[in-house]
Structure formats: structure tokens, C-alpha cells
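Line by line, the protein sequences are chains A and B. Residue 331 in full-length UniProt numbering sits at position 331 of the first sequence, with consecutive numbering throughout. Residue 338 in full-length UniProt numbering sits at position 338 of the second sequence, with consecutive numbering throughout. See structure below.
Protein chains: 2
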Amino acid sequence: MIERTYSDDITAEQDGETVSIAGHVHDIRDLGGLSFVIVRDREGQTQVVFKEGNDEDLFEAANDLGKEDVVRITGSVKASDQAPGGVELMPSELEVINAAESPLPMEVAKDIESDLSTRLDNRSIDLRKPEAYAVFSLRSKLVNAMEEWFDGEGFRNVDTPLLSQEGAEGGAELFPVVYYGEEVFLSQSPQLYKQMLMAAGFDKIYETGTAFRAEAFATSRHVSEISMFDVELAYIDDHHDVMDVQEESLRHTLERVSENATDELETLGVDLAVPTDPFPRVTFEEARDILATEFDHVPEDETDLDTKGEKLLGEYFEEQGHPAFFVVGYPDEKFYYKQDVPGDDIASRKFDLIYKGQELSSGGQREHDIETMSEYMEDQGADPENFHFYLEAFRFGIPPHGGYGLGIDRLVQKVGELDNIKEAILFPRDPDRVTP
Amino acid sequence: MIERTYSDDITAEQDGETVSIAGHVHDIRDLGGLSFVIVRDREGQTQVVFKEGNDEDLFEAANDLGKEDVVRITGSVKASDQAPGGVELMPSELEVINAAESPLPMEVAKDIESDLSTRLDNRSIDLRKPEAYAVFSLRSKLVNAMEEWFDGEGFRNVDTPLLSQEGAEGGAELFPVVYYGEEVFLSQSPQLYKQMLMAAGFDKIYETGTAFRAEAFATSRHVSEISMFDVELAYIDDHHDVMDVQEESLRHTLERVSENATDELETLGVDLAVPTDPFPRVTFEEARDILATEFDHVPEDETDLDTKGEKLLGEYFEEQGHPAFFVVGYPDEKFYYKQDVPGDDIASRKFDLIYKGQELSSGGQREHDIETMSEYMEDQGADPENFHFYLEAFRFGIPPHGGYGLGIDRLVQKVGELDNIKEAILFPRDPDRVTP
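Have a look at this one:
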């Protein structure tokens with residue numbers, strides 16, 4: 001490896017020591033006989049001070065530098081109250097490892113707000129901004145913290161297929177694939193496979209995977225290729241067991257990143273609240289009552305909460321100290337949710353988790369009785385022929401089970417307080433974008 | 001949650017205590033007035049002894065049980081040298097949670113060898129076999145151990161897109177997708193995106209993801225949808241830095257599973273050797289010399305080692321105590337590998353890792369000079385138009401870098417000593433199979 005020290009590992013205590021840094025030239029301030037070169041690496045920035053009269057060759061080489069050149073600089077650490085981070089480097093060696101063309105298609109150093117489309121067109125430049133890297137470093141730590149909780153609880157991670165011929169819920173939202181001359185489809189969700197693994201006795205599983213949604217509308221919340229964190233567990237009493245898992249794992253995840261992603265959160269200007277109280281669990285009816293009573297808002301579709309409703313409920317619960325809460329018992333749900341259980345007083349055992357005013361995940365207890373589910377399928381016009389292999393899995397012993405799917409991109413968006421979900425994705429895909 | 005104890009948590013020390021178990025009925029042995037019911041859960045099996053004359057209702061209920069019924073049984077633990085695992089359960093309560101139809105499409109308990117195609121057709125039954133679950137529990141632990149090493153070394157996990165319009169290496173092996181009326185392709189490899197992130201200064205990344213290969217041939221080593229573990233790192237001196245990362249991470253991974261997957265390895269009958277010595281790094285020429293001299297084998301394609309060659313080299317090095325070794329400097333390599341570096345004495349900085357006689361990964365140092373790479377592209381007939389966004393990433397400062405992609409399915413196959421790669425995949429896809 002090229003020997004070097006990350007910027008944030010250089011401290012004032014090292015005053016007088018020789019270190020090497022390597023990174024992109026972030027900015028250059030030429031003050032005549034004095035030139036400040038800011039070198040940026042993944043972990044921060046270091047100011048390097050080139051002075052005329054010290055070493056002429058070195059000073060000239062510094063004058064030839066351009067923004068975004070990749071350089072390695074060796075020098076002596078100097079503690080300095082004026083320098084950003086309290087240290088600067090007095091250089092003795094400069095190597096240009098790879099020169100950048102100029103002009104750049106986009107500014108990295110200057111605080112010029114580019115529109116999102118320009119940023120995404122030039123993503124390998126855009127991602128150089130400290131705020132952009134912070135998003136993806138945060139994302140990495142969020143996913144790791146989530147997986148850590150499930151690993152600790154004895155869940156096994158699984159990989160279910162993305163290509164399938166059967167098991168699709170709706171034709172319109174599917175991407176067709178030409179598979180050796182046949183038409184198959186990209187997965188919208190691993191749910192049916194997760195349930196088949198419950199039949200197989202896998203008991204507790206999670207999957208960090210990809211799902212595809214051919215939704216043609218462009219909003220700040222939708223993309224066509226999404227990252228999903230899916231969970232399924234068996235031998236549950238009811239949907240509350242599933243909510244318990246989601247609540248504890250999300251609390252752990254937020255706790256962990258509030259501890260180990262402090263730099264990233266600071267760069268993004270986020271003061272992350274970790275919910276310590278139990279997440280409220282309100283019924284669908286209660287949620288609609290709150291909207292009507294408190295906000296005079298009645299979502300048009302009687303079987304759902306709309307985007308505005310979720311946002312208002314989010315504000316309502318956030319004010320009471322609850323950034324996250326569950327809405328339980330949606331009516332008119334998909335055939336695979338357990339419905340109308342005597343004594344439940346709710347329409348279905350389906351729940352949504354709403355976090356910071358937006359739906360973060362959907363889940364619930366599944367119907368595991370094949371007769372009942374076949375009836376639901378019929379009621380909803382789902383063709384059992386399209387679910388042959390799925391139904392087969394319910395014939396030979398399947399324990400009661402439930403689970404949920406959480407949108408990773410959306411979690412990153414909400415935790416990082418990003419305007420658009422596309423900022424939470426390295427190379428987002430939407431109806432108008434499949435490159436870069 | 002339904003209260004219960006996993007089978008392998010019940011020990012002879014609990015003699016006389018009351019416990020509940022829950023799982024599938026694995027087997028039933030009816031000896032007239034005595035009936036042994038074996039209940040299987042994820043972690044093992046428990047023998048339950050039903051005796052005529054104790055509790056008539058209970059005995060009758062036990063007689064009505066069928067294989068693969070999902071049950072919960074409460075009873076008193078009895079230490080017994082005759083019982084498998086040293087304990088059996090004297091039941092006081094039996095609940096059938098979900099009954100299985102009979103006959104089963106496939107045997108679970110009996111050691112009848114089904115052919116792989118029948119097994120995959122009935123995967124949610126097939127996966128109930130302890131050996132099948134052991135494979136996927138092992139797989140989960142292998143991936144976790146691998147990620148653990150990279151997390152500890154400051155690598156960030158990333159998600160690159162699976163749908164793209166550009167950047168495809170070869171047309172024939174691609175699956176086309178109909179994307180809002182346009183033709184796009186499923187990813188064969190995240191490599192180009194990984195390299196773009198090196199340009200963006202991400203420095204050290206890994207990705208646990210999916211790749212697609214439209215290879216029409218059916219072998220025990222090929223599938224159409226594969227799980228990949230991809231790595232990329234910047235500021236390397238040369239390809240040896242990349243091999244160091246691969247070597248250390250693989251050693252850590254094998255060490256960890258040899259400690260924490262002892263049950264799984266035992267179930268699979270695997271005695272896992274953890275390579276402690278440095279992995280040999282032989283040049284491509286040396287590898288061909290060994291094949292010619294030791295085995296009188298000359299692979300037909302002068303620019304490659306064939307499957308037989310890899311197997312023979314595997315035996316050669318395994319005999320010397322090296323289950324894993326690198327072959328370095330393949331000639332005629334893809335345009336993105338650094339080639340013919342003065343002083344290297346090798347054709348390219350591309351390497352393969354061969355583990356237990358099979359290629360597990362390919363990688364190397366990438367060419368990061370855009371002029372040189374453009375020449376290579378031209379030489380190899382790759383159309384720069386198809387790589388527009390990729391080439392753009394090389395114009396504005398990119399550090400030297402390299403990486404590799406490791407086949408997760410293949411790693412599981414080799415560690416688990418499975419005949420066919422499809423046994424290492426929950427729901428494998430090949431030219432003849434996209435269901436279940």
C-alpha cells in the first residue's frame with residue numbers, strides 16, 4: 001500500500017513529525033508567494049502550506065497543481081490554531097499520482113448547489129463532496145448495525161432469487177426479462193420465498209437485498225431499483241411479535257450509529273434522536289380518528305392513509321417524543337396477511353412502521369392456513385396458477401409466521417435528513433435514468 | 001412468541017424439568033403400545049416417547065400424527081443413554097399447530113437419495129433435511145465472517161445498481177430487461193461501478209450482491225444468478241496489495257467458521273482446514289510449467305488454465321499443505337487490468353485465487369491511466385461508446401486501485417464440500433429452471 005495517514009488521524013500532538021498524506025486536491029488558494037493546497041481524503045482534509053523561497057522546485061510544482069489531481073505529499077506536521085483542524089503540513093515532497101483534466105464538469109470544493117440531475121449525471125465527481133461521502137458511510141454503518149442485531153439474535157441471512165416466472169402480485173409494476181428466450185420477471189419482494197423458508201423450518205431469517213418496482217411516477221420518495229431489508233420469523237403468537245423484532249432492531253440500529261457515526265451525522269448536520277420509549281402502536285381506525293380530530297384531514301381512500309396523513313401523524317407523534325410508531329390493522333389487505341381474527345378488533349394483522357412522517361416498512365402476520373388463503377386469493381382475483389410453487393409450500397406443515405420489509409434507501413434518507421431518496425442511493429434508477 | 005426450547009438446548013442435566021418443544025414431526029416409530037415421535041427444529045431433533053396406558057387421549061392424538069405436521073409438545077425431560085442426544089421427552093401436552101398433507105412429495109427423514117432436480121422442484125421440503133439447513137446456516141456464517149473482517153479494516157459496504165444501459169462487456173452473456181419501453185441489461189459484475197467509486201475517493205469498499213450470467217451451458221459449477229462478494233481498494237502499490245486483502249480476509253473467514261459453525265461442518269461431514277501459511281503466489285508461466293512437468297497436461301488455450309488444470313494444480317498445492325493459492329499474470333486479459341508493467345516479468349497484473357482446485361475469484365490491479373486503457377479497449381474491440389460514463393470517471397483524478405470478485409456460492413460449495421453449486425443456493429437459476 002502507498003504509505004499515508006488519513007487527514008483526521010493527524011493531530012496537533014504530532015507537531016514536528018513527518019507524515020505523508022494522499023488524496024484529491026480539494027482546493028487551492030494562491031496568495032502570491034504563499035499557496036495553500038487543501039488535500040481531501042475519505043476521512044477529512046489537510047491544509048498544506050507551500051512558500052516561495054523555501055524549495056523553488058516544490059513551489060513551482062505546487063503552482064502547477066489543479067483541482068482534483070490525485071497527490072501524495074510528505075511533510076512536517078505543524079500545530080496551528082488558524083488551520084482547519086488545528087494542524088497544517090509543511091511539505092518536503094510532492095508527487096502527482098494522477099492528474100485531473102480541467103475544467104471540472106462540476107465544482108467539488110465550492111458550495112454551489114447543483115441540481116440533483118446534474119449531480120447524478122456526474123456522480124463520480126458529485127460523490128467527492130464530504131456530505132455525499134458522509135451519506136454512504138452512514139448507510140454502511142446503518143446496515144451493519146441492523147445486521148449485527150439480527151446476527152446476535154440467531155437470525156440467518158439468506159439470498160432469495162431476483163428472477164422468477166411465478167409469484168408476481170401485479171403485472172403492471174413488473175420489469176420483464178428475456179431469459180433464454182422466455183419471459184420472466186424481476187423480483188418486487190422476497191416475501192413469498194421468505195415464507196417458503198418458514199415452511200422449511202428456517203425459523204428466523206433476514207435478507208439484505210434488491211427489489212424492483214416499475215412505478216412510472218417520479219417523486220422524491222420513489223425509485224425503480226431499491227435496497228430492502230427483509231425479515232421473517234416463525235412460531236409467533238401474532239403480529240406483535242413481529243413488531244417487537246422491528247422495534248428492537250431499529251432502536252439498536254439508531255443507537256449504534258448515534259455512537260459510531262458521529263462524524264457523518266455532524267457533516268450532515270443531523271441531531272439524531274434515539275427513541276427510548278416503546279413505539280406507540282395505534283390501530284388504523286385510531287390513526288384516522290387522530291387525523292380527523294386533530295387535523296381535520298380525511299384520507300380519500302378509506303382503506304389507507306395517504307402521504308399527507310402519514311406526515312401529519314408523524315408530526316403528531318414526534319411532538320409526543322415518538323419519531324417512530326406503528327399503525328396496525330389495515331383493511332382490505334393483500335391475500336397473504338392474516339385477516340379478521342376473532343378478538344382482534346382489527347381488520348387485518350398488517351402493520352406499517354412510520355418513521356419521521358414516512359412509511360418505512362410494511363409487515364404483519366401471514367395467513368398460514370392454505371384454505372383460508374386460497375379464499376382470499378379468490379376474493380382478490382389473484383390467480384392461484386401464478387402462485388403454484390408458493391401454495392405448495394403450505395401443504396406440508398408450516399408454522400405460524402410473520403415478517404416485514406424495510407426500505408434501506410428510505411431509512412438512510414430519513415436518518416440523514418435528505419430531501420430526495422436518490423441522494424441516499426449511489427447510482428439511482430428511475431423512469432428517466434439508467435446511467436451512469 | 002410461542003414458548004419453546006430448541007432441541008440442542010435440552011440437556012441431560014435438565015432431567016425431570018418441564019420444557020416445551022415446537023417443530024416438524026420428523027419421524028414416527030410405532031411399536032404397538034409405544035410410539036417414538038421425533039420432532040425436528042432448526043437446531044436439532046428431540047425424541048418424544050408416547051406410552052399406551054399413561055394418558056389415553058394423548059396416546060391417541062400421537063397415533064394421529066403424520067410426518068411433517070407442525071407440533072408443540074410439552075413434557076418432562078428424561079436423561080437416557082439410549083435416546084439420540086442423551087435425552088428424551090415424556091409428554092404431557094400435544095398441540096398440532098398445522099397438519100401436513102400426506103403423502104409427502106419427497107421423503108425428509110429417510111436417507112433416500114433424490115436426484116437434484118426433484119430436490120429443487122420440492123425445495124421447501126428438501127430444505128428441511130438437516131444437511132440442507134446446515135449448508136445455509138454455514139453460508140450465513142461465512143458471509144458474516146467475511147463482512148466482519150472488512151468492517152474491522154474500515155471498508156464501507158456499498159450497493160451498486162443491477163440495471164444498466166452501458167458498461168456491458170459482452171452482448172451474448174447478458175439478460176435484456178424491458179425498462180419503461182427501453183432495453184437495458186442485468187449486471188454481470190459491479191466492477192465498473194466499484195472503480196467509479198475509487199475515482200470518487202471511497203478508498204476501500206466491499207459489496208455483497210448479485211450478478212447475472214446468461215451462460216447457456218449446464219455444469220456443476222455454473223448458474224445464471226450468482227451471489228458475489230466484491231472488493232475494491234485504492235492507493236495500492238500493485239496487485240500484491242489486493243492479494244494480501246483477499247488472503248487475510250479468507251483466512252479470517254475460514255478461521256471464524258471453523259470456530260462458530262462446528263455443528264454445521266459436522267452435519268456436512270467436513271473437516272475444515274484453515275490455511276495458516278502464506279498462500280503461494282505462482283506466475284501463470286510457472287503454473288503451466290507445473291502442469292506440463294508434473295502432470296503432462298498442457299491446457300489448449302495458451303492464455304488460460306483449463307478446469308482440469310486448475311484441479312491438478314489444486315491437488316499439487318493441497319499436497320504441500322496449501323488449499324488456496326494465487327496464479328498471477330494471465331496474458332491477454334480484459335482492458336481494465338494493468339498490463340506489461342516494466343520489471344514485473346508477467347503479462348498482466350491479473351490474478352485468480354484457486355481454492356480446493358477451483359477458481360474462487362478473479363482480480364488484480366486496474367489500469368487507471370485513461371489513455372492506456374483506451375488503447376487496450378481499441379485492441380480488444382470494445383466500443384468506448386458502451387463505456388462512456390465509465391471512461392468519464394478516469395478524467396478527473398483517480399488513484400491507483402485494484403480489487404476482485406469472489407463467488408459466494410462457489411465458496412459455500414467448496415467449504416461445504418458439495419457436489420453441485422446448486423446445493424449451495426436456496427433457489428438456483430439455470431437455463432432450465434426459474435421456479436420455484
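We put the beta carbon where it would ideally sit given N, CA and C, even for glycine.
Counterpart residues of residue i in DSSP-defined beta bridges
i, result
"Pro323(B)", "Paired residue(s): none; Pro323(B) is not in a bridge."
"Gln358(B)", "Tyr355(B)"
"Gly181(B)", "Beta-bridge pairing links Gly181(B) to no other residue."
"residue 439(B)", "Outside the shown range of chain B (1 to 436) lies residue 439(B), about which nothing can therefore be said."
"Thr11(A)", "Bridge partners of Thr11(A): none, in fact."
"Ala79(A)", "Val87(A)"
"Leu163(A)", "Leu186(A)"
"Lys51(A)", "Leu34(A)"
"Asn157(B)", "Tyr206(B)"
Contact under 7 Å by Cβ, residue i with residue j
i, j, result
"Arg128(B)", "Gly201(A)", "yes"
"Gly363(A)", "Tyr330(A)", "no"
"Ile370(B)", "Phe389(B)", "no"
"Pro342(B)", "Ile236(B)", "no"
"Ile226(B)", "Asp419(B)", "no"
"Thr46(B)", "Ser20(B)", "no"
"Ala273(B)", "Leu138(B)", "no"
"Asn144(B)", "Gly397(A)", "no"
"Ile205(B)", "Val242(B)", "no"
"Phe325(B)", "Phe317(B)", "yes"
"Gly416(B)", "Leu268(B)", "yes"
"Glu367(A)", "Ser348(A)", "no"
"Thr208(A)", "Phe229(A)", "yes"
"Ala109(A)", "Glu68(A)", "no"
"Leu426(B)", "Val257(B)", "no"
"Val49(B)", "Val71(B)", "no"
"Pro280(B)", "His322(B)", "yes"
"Ile125(B)", "Met146(B)", "no"
"Glu302(B)", "Thr435(A)", "no"
Residue environment, residue i, which counts as buried when at least 16 other CB atoms sit within 10 Å
i, result
"residue 469(B)", "Beyond the ends of chain B as shown, which are 1 and 436, falls residue 469(B); an answer cannot be given."
"Thr160(A)", "buried"
"Gly44(A)", "buried"
"Val298(A)", "exposed"
"Pro91(B)", "buried"
"Arg29(B)", "exposed"
"Asn63(B)", "exposed"
"Ser361(B)", "buried"
"Gln380(A)", "exposed"
Residue from the options with nearest C-alpha to residue i
i, options, result
"Gly86(B)", "Thr253(B), Ala132(B), Ile10(B) and Val71(B)", "Ile10(B)"
"Leu233(B)", "Arg213(B), Val257(B) and Leu197(B)", "Leu197(B)"
"Gly181(A)", "Glu166(B), Glu215(B) and Gly209(B)", "Glu215(B)"
"Gln339(A)", "Phe217(A), Thr372(A), Phe317(A) and Asp289(A)", "Thr372(A)"
"His239(B)", "Val77(B), Leu89(B), Asp352(B) and Tyr6(B)", "Asp352(B)"
"Asp111(A)", "Pro130(A), Leu58(A), Glu60(A) and Ile290(A)", "Pro130(A)"
"Ala424(B)", "Trp149(B), Glu248(B), Leu116(B) and Asp241(B)", "Leu116(B)"
"Ile38(A)", "Asp57(A), Ser102(A) and Ala22(A)", "Ala22(A)"
"Asp263(B)", "Ser80(B), Tyr133(B) and Leu192(B)", "Tyr133(B)"
"Ser80(A)", "Asp15(A), Gly381(A), Gly152(A) and Tyr376(A)", "Asp15(A)"
"Met377(A)", "Lys350(A), Phe335(A) and Asp345(A)", "Phe335(A)"
"Lys311(A)", "Arg288(A), Glu302(A) and Thr303(A)", "Arg288(A)"
"Glu102(B)", "Thr293(B), His24(B), Leu186(B) and Gly66(B)", "Strictly speaking, residue 102(B) in this sequence is Ser, with Glu absent from that position. Per the Cα distances, Gly66(B)."
"Phe284(A)", "Lys308(A), Ser114(A) and Asp345(A)", "Asp345(A)"
"Leu192(B)", "Asn386(B), Ile421(B) and Pro278(B)", "Asn386(B)"
"Val270(A)", "Arg251(A), Glu56(A) and Val412(A)", "Val412(A)"
"Val135(B)", "Val177(B), Lys414(B), Val282(B) and Gly152(B)", "Lys414(B)"
"Leu104(B)", "Pro278(B), Asn122(B) and Leu94(B)", "Asn122(B)"
The ligand NAP heavy atom lying under 6 Å from the CB of residue i
i, result
"Pro84(A)", "Looking for the ligand NAP in the displayed structure turns up nothing, as the structure carries no ligands at all."
Neighbouring residues, chain D, relative to residue i (Cβ below 7 Å)
i, result
"Thr210(A)", "This model lacks chain D altogether; the protein chains it does include are A and B."
Complete beta strand (DSSP E) runs within the region 381-414 of chain B (minimum length 3 residues, chain order): For the region 381-414 of chain B, whole beta strand (DSSP E) runs of length 3 or above, ordered along the chain, are 401-407.
Alpha helix (DSSP H) runs contained entirely in the region 176-242 of chain B, provided each spans 4 or more residues: For the region 176-242 of chain B, whole alpha helix (DSSP H) runs of length 4 or above, ordered along the chain, are 191-199.
4-residue-minimum alpha helix (DSSP H) runs that sit fully inside the region 270-309 of chain B, ordered along the chain: Here the runs fully enclosed are 284-295.
Beta strand (DSSP E) runs contained entirely in the region 86-123 of chain B, provided each spans 3 or more residues: 87-98
Runs of alpha helix (DSSP H) wholly within the region 120-155 of chain A (minimum 4 residues, chain order): 123-126 and 130-152
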